[in-house]
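Step one of this worksheet: look at the structure below.
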Amino acid sequence: MRRFHTACLMGLAFASSLSAQQKEAVLLAETFGKNHRYSVQCQVEISGSLAVPGGASAERKTLKVSGKSSIRYDERILQLNAQGRVERTVRYYRQLQFDRKVGDDDQQSKLRPQVARLVILRHNQYEVPFCPTGPLTWGEIELVRTDVFAPALAGLFPAKAVAVGTRWRPEESALQELTDLEKIEKSDCTCRLEKITTLLGRRTAHIQFDGSVHGIGEDGKATHELRGSCYVDLDARFLSYLYVKGTHHLLDKSGKPTGKIEGTFVMTRAPSPQTVEIDDPALRGLTLEPDAENSRLLFEHPQVGVRFLYPRNWRVAGFNGKQIGIDEKRGSGVLLTLAPAAATPTGAQFFQESAQFLDKQKARVFRFDRPRAMAGGWETFGFDAEIARQRVLLSYFTLRRGNLGATLTARILPTDSANTLRDVEKMAQSLELREVKNARGEK
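The sequence shown begins at 1 in our numbering and counts up by one.
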C-alpha cells in the first residue's frame, strides 16, 4: 500500500512536470556560427504524370513520371551575413544520386567522385556550387541546386518563444526551399508546436505544418500542397528531422492543370560529420572562394568526341555528334565543329574559306589577322567586320590532332570583346578530342 501510494505521488509529480513542460514557452531556433559542422541524409521519392502537347490538332499525351534520390553529405559553415544567415558552406558528398523514369526513358544522374567536395554559395533561394579541385558539369550543378539547403529550414521557426498549441506562419524563404518556387504569390501554410517530448535523452520540440503554396517556378505556374513535421533539439538548438509529403500541381498560363507530381522528402541531420573531409587538414591549400578558374564548367558527353571547359556566363545551347553551340549571355556565340583530321582545314585554308564567305555576304572588313600558331596545336585568325549593319569580331580556330580534328568559329559582339575573346581562347585551349564508340563498341 505504501509503495502504491509512493508510486501514485511519483506519477502525479511526473504528470505535473509534463503539464508544466507543455505550457512552457520555448524558443525554436538554430544558433549556428562559422565552422559549425553537421551531417545530412535525405531520401526523396516522387511519382505522377505530365501532359505533353501532341501538336496543333492532336490531344495532349500523358507521360508517367517516377523517381527517387539518395543524398548523404557532411557540411561545414564558412560564412554568415550580417543577419546571421548562412551564405557559404563546404560539403563533402558521400552520395548524390537521382534515378528517374519519364515515360519509357530511364535516366540517372549522380555526382562524380572526383568532385565530391563542393563549396556552396547561397544566392537568394538558390545554391550555387563550385568545386575547388575540378570543374563541375551543368548536370551536377542542377543536382545540387535542387537539393534542400538545410540552414534555410530555420524559416519554419517562429520569431519568438511559443507554447504548445501555438500556430504561426513560416517564412517565405523556407517555403521556397521546400517547393523550389522562384516567386510565391500566396500561401495559407501554417506551423503548430504539437508537443515537447524527450528523444534519446534530449528535449525535443515536435512541429507540424500544412497548407498550400501558389507561385511561379521554372516550369511556370504551380500549386504545392504540403503536409509534414519536424523535430527540433531544444538543448542543441538544432533541426534534426524533417518529413514532407507534397503534391505539385503544374498549371498552364490560364491556370489549368498540366500535370501532378506526388512525393515524400525525409531529411535527418546529426550534429557531427561522418568523415574528416571538411576538417582543416582536408581543406588546407584549397581556394574556398569562387574565381574564374574554379567556377568553370565541364562539357562532356559519352556520344560526343570532345570535352572542354567554359565560363559560367556561357551556356551550351545545343549539340549533336558533330557540332556544339555555346552562347554567351550578352549575345556572343561559338560554334564548335568536329570532323576527321583529313576533313579539317589548315589555318591557311580556313582563312581563305572565311574570307570568301565574308565577301559573298558583302561584309565590310575593317581589319584582319592572318593565321598564327597557338599553344595546343591550334591555328587562329580573325576579322573585325560589319555584317548586316552589325559590327562584330569574328575569331576562328582550327586543330588537327592525330586522326581527329575540330574547328571553332566565334562571333563576338563589341561589348567587352577583349574578355570575351579571352574566354573563347581558353575554351579552345582546354579542348580534348577523343574517339567515340558506337553501340557495338566500335570507334
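Cβ coordinates follow ideal geometry from the N, Cα and C atoms, glycine included. Values in this document were obtained by computation on a predicted structure and should not be read as measured data.
_So, at 8 Å on beta carbons, what are the nonlocal neighbours of Tyr38 in its own chain, with the 5 sequence-adjacent residues on each side left out?_
Counting only Cβ-Cβ distances below 8 Å, and skipping sequence neighbours, we find Asp74, Glu75, Ala150, Phe238, Arg269, Ala270, Pro271, Ser272, Pro273.
*Taking all protein chains shown into account, decide if Leu286 is buried (16 or more other Cβ within 10 angstroms of its Cβ) or exposed.*
Under this definition Leu286 is an exposed residue.
*asked:* Within the continuous beta strand (DSSP E) that includes Glu300, where are the two ends?
replied: Residues 297–300.
*asked:* Quick check on DSSP: helix, strand or coil for Leu9?
replied: For Leu9, the predicted structure reports a pLDDT of 38, less than 50, and the residue's modelled location is therefore unreliable. The matter cannot be settled from this model.
*In or out: Ala410 buried (at least 16 other Cβ within 10 Å) or exposed?*
Flag for Ala410 reads buried.
*Taking Ser49 as the reference, give the member of Thr62, Gln41, Gln95, Glu127 with the closest Cα.*
Of the candidates Thr62, Gln41, Gln95, Glu127, the one whose C-alpha sits nearest the C-alpha of Ser49 is Thr62.
_Only counting the same chain, and skipping five residues up and downstream in sequence, which positions put a Cβ closer than 6 Å to that of Glu425?_
Counting only Cβ-Cβ distances below 6 Å, and skipping sequence neighbours, we find nothing.
*Taking DSSP as the reference, what is the three-state secondary structure of Ala348?*
Note: Ala348 maps to helix in three-state DSSP.
*Which word fits Lys256, buried or exposed, when buried means at least 16 other C-beta atoms lie within 10 angstroms of its C-beta?*
With fewer than 16 other Cβ atoms within 10 Å, it is exposed.
*Around the Cβ of Glu127, are there at least 16 other Cβ atoms within 10 angstroms (buried) or fewer (exposed)?*
Glu127 comes out buried.
*Taking Gln108 as the reference, give the member of Val115, Arg100, Gln114 with the closest Cα.*
Selected option, being the one with the closest Cα: Arg100.
_Rounded C-alpha distance that separates Tyr92 from Arg117_ = The alpha-carbon atoms of Tyr92 and Arg117 are separated by roughly 4 Å.
*For Leu251, collect the residues of the same chain with a Cβ closer than 8 Å to its Cβ; drop the 5 residues on either side in sequence, then sort them by chain order.*
Answer for Leu251: Gly220, Lys221, Ala222, Thr223, Pro257, Thr258, listed in chain order.
_Alpha-carbon to alpha-carbon, Leu175 and Gly217_ = Roughly 12 Å separates the two Cα atoms.
*List the endpoints of the continuous alpha helix (DSSP H) containing Gln41.*
Gln41 -> not in any alpha helix (DSSP H); beta strand (DSSP E) instead, spanning 37–52.
*Does any CB atom of chain C fall closer than 7 Å to the CB of Phe397?*
In the structure shown, chain C does not exist; there is a single protein chain.
*In chain order, what residues of the same chain have a beta carbon less than 7 Å from the beta carbon of Ser70, not counting five sequence neighbours either side?*
So the qualifying residues of the chain are Gln43, Gln95, Gln97.
*Do Pro135 and Leu234 come within 7 Å of each other at the CB atom, strictly closer than that value?*
Result no, Cβ atoms of Leu234 and Pro135 do not sit closer than 7 Å.
*Could you tell me which of Arg227, Phe157, Thr133, Ser47 sits nearest to Glu289, measuring between CA atoms?*
The shortest C-alpha separation from Glu289 is found at Thr133.
*Would you kindly work out how many angstroms separate the C-alpha atoms of Gly263 and Asn419, rounded to a whole number?*
Rounded to the nearest angstrom, the two C-alpha atoms are 45 Å apart.
*Cβ shell of Ala29 (< 8 Å), same chain only, five flanking positions each side left out*: Excluding residues within five positions, the ones whose Cβ falls inside 8 Å are Ala154, Phe157, Arg237.
*Opposite Lys160 in the DSSP bridges: which residues?*
DSSP lists no partner for Lys160.
*Which first and last residues belong to the alpha helix (DSSP H) in which Ser417 is found?*
Counting along the chain, the unbroken alpha helix (DSSP H) around Ser417 starts and ends at 417–430.
*asked:* Starting from Arg391, trace the alpha helix (DSSP H) in both directions and tell me its first and last residue.
replied: Segment 390–401 is the beta strand (DSSP E) holding Arg391; no alpha helix (DSSP H) there.
*Report the residue from Phe368, Arg330, Gly376 whose alpha carbon sits nearest the alpha carbon of Ser354.*
Looking at the Cα atoms, Phe368 is the closest of the given residues.
_Glu177 - DSSP class collapsed to helix/strand/coil_ = Note: Glu177 maps to helix in three-state DSSP.
*Which residue from Lys360, Glu328, Glu435, Glu379 puts its Cα closest to that of Gly347?*
Of the listed residues, the one whose Cα sits closest to Gly347 is Glu379.
_Along the chain, where does the alpha helix (DSSP H) containing Leu200 start, and where does it finish?_
No alpha helix (DSSP H) holds Leu200; DSSP gives it neither H nor E.
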